[in-house]
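Note that my numbering gives residue 400 to position 289 of the sequence shown, counting from 1, and the numbers run on in steps of one. Everything below concerns the one structure shown next.
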Amino acid sequence: MPISDTQKAILTLLSDGQFHSGTALAQALNISRSAIWKQLNGLSDLGLPYAAVSGKGYRLEKPLELLGYEKILTVIDEKNRRLISEIEIFDQILSTNTYLTGRAADNAPSGAVCFAEQQTAGKGRRGRQWVSPYGSNIYVSILWRFQASPLAISGLSLVIGVAVIRALKARYALEFQLKWPNDIYYQDKKLGGILVEVSGESEGPCAAVIGLGLNIFLPETEAVSITQQWTDLSKITSRQQLGRNSLAGTLLNELLTVIAGFEEIGITAYLDEWRQYDCLQGKPATLFLGERRYEGIVKGIDDNGLLLLTRPDGSTQAYASGEVSFRDDRI
């Protein structure tokens, strides 16, 4: 259900996490107290629990920091600002990747960036929906046009993973991990995911839409449909307020740096760093390729970014695609 302008205004007033009386909210928005109550009832649909206490009013269960264009831009350095053709921030959208894929087909310029407070049809692993409560996490996509062919940029998702880890390490002194080919992990639990969708001529040029979903605060009630071990930054850091705008700007800084230089540098310069963060190395796992599944021990990645899996017969094979699950995290 789309968020209304009135709900957005109420959320802005309640974003500090403090109590606000129904009377004060009604006066601020020039509507009745009963209208405030009706609008607040819709917040549960957005994944935003709130408390209502007689004599005190209403408050969100945790403070809310909505995304703002200027707040994000102030964190981005001048060089990377010049790479951005536009930044759009939506309250709700089907999927940031779907939106920019459509815009790419309409000749939108390279460097278009799309954020969303909530995705109603976000794309998760193996076609599952990415759980996207309102105003709680980071959902962002970047459109970038390459002169190279889709095959030539096949290692892009691994490089994007390195950029995300760099951004997280710059903000939090913690050891984050990467799970081939496109997941962000912390202590063997999923923290985020990357989705790169490429279109174009087989010989080039091509357009890539690079999407990132990163868990900042994921309420347990919203995560009941998730079938794997997961975590979020609020759990990892034990902090409720993490600065979504500042983190969004830091992520864009690192992402744009590696994206802009990828055609010239390629994956080679990032291989050693990626391997440092590899959470699958030496572990038993199952690789899913469509309806087929292959079990073995992960031996890292080769110099092209392909997954190396040693099968039970002792042979080691390289795989260019697929979904890897830990033995205790099968689907």
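Every residue, glycine too, gets a C-beta built ideally from N, C-alpha and C. Please read all numbers here as calculations on a predicted model, not as lab measurements.
- Here LEU417 is not bridged, per DSSP, to any residue.
- Nearest neighbour of GLU384 by Cα position, chosen from ASP343, LEU184, VAL270, SER145, turns out to be VAL270.
- The continuous alpha helix (DSSP H) containing LYS119 extends over residues 116-125.
- Less than 8 Å divides the Cβ of PHE201 from the Cβ of ALA227.
- Per DSSP, the beta-bridge partners of GLU199 are CYS225.
- At a Cβ-Cβ threshold of 8 Å, GLN150 and THR123 do not count as neighbours.
- The C-alpha of PHE287 is placed about 29 Å away from the C-alpha of GLN203.
- Here the C-alpha atom of SER310 lies approximately 9 Å from the C-alpha atom of SER260.
- Going by DSSP, TRP255 is part of the beta strand (DSSP E) stretching over 249-257.
- Residue pairing by DSSP puts TYR405 in a beta bridge opposite LEU398.
- For the set ALA431, THR231, GLN138, TYR297, the Cα lying nearest the Cα of GLN340 is the one of TYR297.
- Per DSSP, ARG170 lies in no alpha helix (DSSP H) segment; the continuous beta strand (DSSP E) that holds it begins and ends at 168-171.
- When only Cα atoms are considered, SER252 and ARG192 end up about 16 Å apart.
- Looking at the DSSP output, GLY393 bridges to nothing.
- With contacts defined as CB atoms closer than 8 Å, GLY425 and ILE408 fail to qualify as a contacting pair.
- According to DSSP, residue pairing for GLN428 in a beta bridge involves LEU420.
- Taking C-alpha positions only, GLY246 is separated from LEU323 by approximately 15 Å.
- Sequence-distant Cβ neighbours of PRO292 in its own chain, meaning closer than 6 Å and more than five residues away, are SER268.
- Cβ atoms of CYS317 and PHE257 come within 8 Å of each other, at about 5 Å.
- Counted as a single uninterrupted DSSP element, the stretch harbouring SER268 is not any beta strand (DSSP E) but the alpha helix (DSSP H) occupying residues 267-282.
- DSSP places PHE437 in the strand class (E or B) of the three-state scheme.
- In this structure, DSSP gives GLU308 an extended state, which the three-state scheme calls strand.
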